[in-house]
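In our numbering, the protein residues as written are 355 to 686.
Cβ coordinates follow ideal geometry from the N, Cα and C atoms, glycine included.
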């Protein structure tokens, strides 16, 4: 039984916070640089209604953003869905700005990506969702190439604040860092990042009561939870043009190096490399993330436990490479 399943992921986005996602998507105000004119309207949710807060062409003062950001849980500020590409272009412009240091860019990139995740996960067209996730993954890869110290800082942000989409996004970020340490090229990293982002898509078909249960699962509940890799494969097989590598990240990430995982009891290198990576990063995120029912472990303690007490579940060479990723966190 994996730690990642003993400590459930954050409530999944497509099963939480009902909202008209066909009209609006959430943003974090921390992605809006003070005193820069916006290119999109920003709305605030008041009594269930979206009220225009800032018109395109206006700007927010630094003190105003700082005050509001302190109260921003991620559920208050919105942009209309038709302005999604405009918002993405805004973030891209910030990534290319000489006015921001790499660490500010890392924070904006991560929090803007969290904001865009909801629409991706709620999209019933899995092909479209995967296609739209690729620019997000590409932005992470570019940052990792151009400012590796900033990527380490972004990794260090993971698990420090509760938000619906943190788990899937953080597993993807960790996987990119581990893939980079293993020497993967940009094209392979993109596939890995997308696969890691959607590794738990099969949980769409698992009862919300089970996913959000804080106590231990009954045998029957555990059997249903263990079905999510198969559910995920069924979802992906219903959509053409999804690579076998992405499917493997979904279907095999609970296999064990020693052969006692599920659902196929694959052994060692029978498990796809992407799934071996996600097995490590998925567990690591569960062990290090602050939740109301979980006391997080430090990064080094988490990997030490995986290496010493959970030996046999993970590719030993990949687990060693994870230490180099954690070194970037320490430097950041």
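| field | Whole-angstrom distance between residue 477 and residue 415, CA atom to CA atom | value | Using only the alpha carbons, I get a separation of about 35 Å.
| request: To the nearest angstrom, report how far apart residue 525 and residue 635 are at their CA atoms. | output: 6 Å
| message | I need the straight-line Cα distance from residue 599 to residue 658, nearest angstrom please. | response | 28 Å
| task | Look up residue 475 in the DSSP assignment and say whether it is helix, strand or coil. | result | helix
| said: Are the CB atoms of residue 379 and residue 473 within a distance shorter than 8 Å? | reply: yes
| Is residue 497 closer than 8 Å to residue 536 when the C-beta atoms are compared? | no
| request: Using three-state DSSP, classify residue 538 as helix, strand or coil. | output: Here residue 538 sits in coil by DSSP.
| task | Compare the Cα-Cα distances from residue 400 to each of 409, 381, 667, 431 and report the closest residue. | result | 431
| said: Would you call the region 549 to 564 in contact with the region 658 to 677, where contact means no fewer than 3 C-beta pairs closer than 8 Å? | reply: no
| message | Quick check on the DSSP output: the alpha helix (DSSP H) that includes residue 582 runs from which residue to which? | response | 582 to 591
| Straight-line Cα distance separating residue 567 from residue 575 | 10 Å
| said: By alpha-carbon positions, which one of 606, 468, 626 ends up nearest to residue 618? | reply: It is 606 whose Cα lies nearest to the Cα of residue 618.
| Coil, strand or helix - residue 432 by DSSP | In the three-state reduction of the DSSP assignment, residue 432 falls in the strand class.
| said: Rounded to whole angstroms, what is the Cα-Cα separation between residue 532 and residue 586? | reply: 23 Å
| message | Just to confirm, is the Cβ distance from residue 453 to residue 494 under 8 Å? | response | no
| request: Compute the Euclidean distance between the alpha carbons of residue 375 and residue 612, then round it to the nearest angstrom. | output: For residue 375, the predicted structure reports a pLDDT of 49, less than 50, and the residue's modelled location is therefore unreliable. A value from the coordinates is still provided. C-alpha separation (whole angstroms): 42 Å.
| Beta-carbon spacing of residue 487, residue 551 below 8 Å | yes
| task | Can you grab the Cα-Cα spacing for the pair residue 385 / residue 442, in whole Å? | result | 11 Å
| task | Compare the Cα-Cα distances from residue 655 to each of 680, 668, 669, 671 and report the closest residue. | result | 680
| Nearest-angstrom Cα distance between residue 539 and residue 505? | 16 Å
| message | Using a Cβ-Cβ cutoff of less than 7 Å, which residues in the same chain neighbour residue 602 once the five nearest sequence positions on both sides are dropped? | response | Excluding residues within five positions, the ones whose Cβ falls inside 7 Å are 626, 628, 629.
| Which word fits residue 653, buried or exposed, when buried means at least 16 other C-beta atoms lie within 10 angstroms of its C-beta? | buried
| message | Taking 7 Å as the cut-off, is the beta-carbon of residue 499 closer than that to any non-hydrogen atom of the ligand FMN? | response | Of ligands this structure carries none, so the ligand FMN is not represented either.
| If you follow the alpha helix (DSSP H) that residue 442 is part of, which residue opens it and which one closes it? | Taken as a continuous stretch (DSSP letters only), the alpha helix (DSSP H) holding residue 442 covers 438 to 449.
| field | Other residues of its chain near residue 456: CB distance less than 6 Å, five sequence neighbours each side excluded | value | 501, 504
| field | Buried or exposed by the 16-neighbour rule on C-beta atoms within 10 Å, applied to residue 595 | value | exposed
| residue 467 to residue 461, Cα distance in whole Å? | 10 Å
| field | With 16 other Cβ atoms within 10 Å as the buried cut-off, status of residue 520 | value | buried
| request: Please name the residue in 475, 621, 507 whose C-alpha comes closest to that of residue 553. | output: Minimum Cα distance to residue 553 is reached at 475.
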